[in-house]
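Worksheet: one structure, shown below.
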Amino acid sequence: MAIIKNGILGGFRGKAGTVVGYHLNGQDIIRGLANERSKPFTEKELANQQAFGDLQLWLKPLTVFLRVGFQDYAPTFQGFVAAKSYNSKNALVRDDAGAYIDPALALVSFGDQEPALTASAVSETENSITFNWEGGKCESDDRAMFLVYDIAGGKADYDTGAVKRRMKTGIFKLNEDFSGKAVHVYLAFVAEDRKRRSNSQYLGIVNVL
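For any residue, its number in our numbering is found by taking its place in the sequence shown, counting from 1, and adding 518.
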């Protein structure tokens, strides 16, 4: 049974015959029921399924960060789904050996704010990373966003509202689990009201003291 919420011209929710209606990201969606597949998947299809599954696992530890970084990516989707869409097209690399996610090509934040002209990250004190950056237009209340990702261990640590951007430096104290790990580091910027953000910048691999 399906329920029409807004009269005969409105969308419906539920199952009606061979179609299903639901509401998603401000839109009324209607889709047909999936047909049972009789043919086995091809090698290419299986490889694509594996690649997209790997990308989903790669992004999963970053879910909370992505809700800020990919907010307003598109009118109909944002956050984790938006990040998956972008990175499947731009960071998922395929070669003769298969497919893998290139951290240097991945974005964990997407927006129209200007990135820093130069930026770096280094571990100078135990269990912390110091971020430094210069350049790029900013408002007085813009803040830095820090992301540290231990890809091998499947763990991430982050701050989506760190120091103000105009400070040009910030020390991020890490969870003790990151001590001695080689981590991938990203920097982005976000407005105080979270309405604008920059593309993230990949700062490379840092060995945490």
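Quick reminder that beta carbons are idealized off the backbone N, C-alpha and C, glycines included. Values in this document were obtained by computation on a predicted structure and should not be read as measured data.
| task | Could you please give the first and the last residue of the uninterrupted alpha helix (DSSP H) stretch that includes Ile649? | result | Strictly speaking, residue 649 in this sequence is Phe, with Ile absent from that position. Secondary structure note for Phe649: it is in no alpha helix (DSSP H), and the uninterrupted beta strand (DSSP E) holding it is 646-652.
| query | Using CA coordinates, which residue listed in Pro579, Lys578, Gly597 is at the minimum distance from Gly587? | reply | Comparing alpha carbon positions, the residue from Pro579, Lys578, Gly597 closest to Gly587 is Gly597.
| By Cβ distance below 8 Å, which residues in the same chain neighbour Val681 in space, the five residues on each side in sequence not counted? | Excluding sequence neighbours, Val681 sits near Arg661, Ala662, Thr687, Gly688.
| field | Beta-bridge pairing of Ser716 - partner residues as DSSP gives them | value | Beta-bridge annotation (DSSP): Ser716 is paired with Gln631.
| field | Exposure of Lys602, with buried meaning 16 or more beta-carbon neighbours within 10 Å | value | By the neighbour-count criterion, in which a residue is buried when 16 or more other Cβ atoms sit within 10 angstroms of its Cβ, Lys602 is buried.
| request: Check the DSSP bridge columns for Asp613 and list the partner residues they point to. | output: Among the bridge pairs identified by DSSP, Asp613 is matched with Gly616.
| Coil, strand or helix - Thr594 by DSSP | Reduced to three states, the DSSP call for Thr594 is coil.
| task | Can you grab the Cα-Cα spacing for the pair Tyr676 / Asn717, in whole Å? | result | In this structure, the alpha-carbon of Tyr676 lies about 16 Å from that of Asn717.
| Length of the line joining the Cα atoms of Gln567 and Gln574 | Their backbone Cα atoms lie some 11 Å apart in a straight line.
| message | Using only CA atoms, which one of Glu644, Phe690, Gly653 lies nearest to Gly698? | response | Measuring C-alpha to C-alpha distances from Gly698 to each of Glu644, Phe690, Gly653 identifies Glu644 as the nearest.
| message | For Cys656 and Ile647, what's the separation of their Cα atoms in angstroms? | response | So the two alpha carbons sit approximately 23 Å from each other.
| Alpha carbon to alpha carbon, how far is Asp590 from Phe696? | Roughly 31 Å between the two C-alpha positions.
| message | Here's a check: name, in chain order, each residue in its chain whose Cβ is nearer than 8 Å to the Cβ of Val611, leaving out the five neighbours to either side. | response | Excluding five sequence positions before and after Val611, the CB atoms of its chain that fall closer than 8 Å to its own CB belong to Ala617, Tyr618, Ile619, Asp620, Leu623, given in chain order.
| Span separating the alpha-carbon of Thr629 from that of Arg714 | According to the sequence provided, residue 629 is Gly. The question's Thr does not apply to it. Rounded to the nearest angstrom, the two C-alpha atoms are 6 Å apart.
| request: Write down the C-beta distance between Phe583 and Thr678 rounded to the nearest angstrom, noting that I regard them as a contact closer than 8 Å. | output: Between Phe583 and Thr678, the beta carbon gap of about 6 Å places them in contact (Cβ cut-off 8 Å).
| field | Helix, strand or coil at Leu573 according to DSSP, with G and I counted as helix | value | Under the three-state reduction of DSSP output, Leu573 falls in the helix class.
| field | Proximity to Asn608 [Cα-Cα], best of Asn650, Asp659, Phe570 | value | With distances taken between Cα atoms, Asn608 lies closest to Phe570.
| Buried versus exposed call for Asp668 [16 or more other C-beta atoms within 10 Å across all chains shown] | Taking a 10 Å sphere around the C-beta of Asp668, we find 16 or more other C-beta atoms and assign the residue as buried.
| said: With DSSP as the reference, identify every bridge partner of Thr687, one or two as the case may be. | reply: Asn650.
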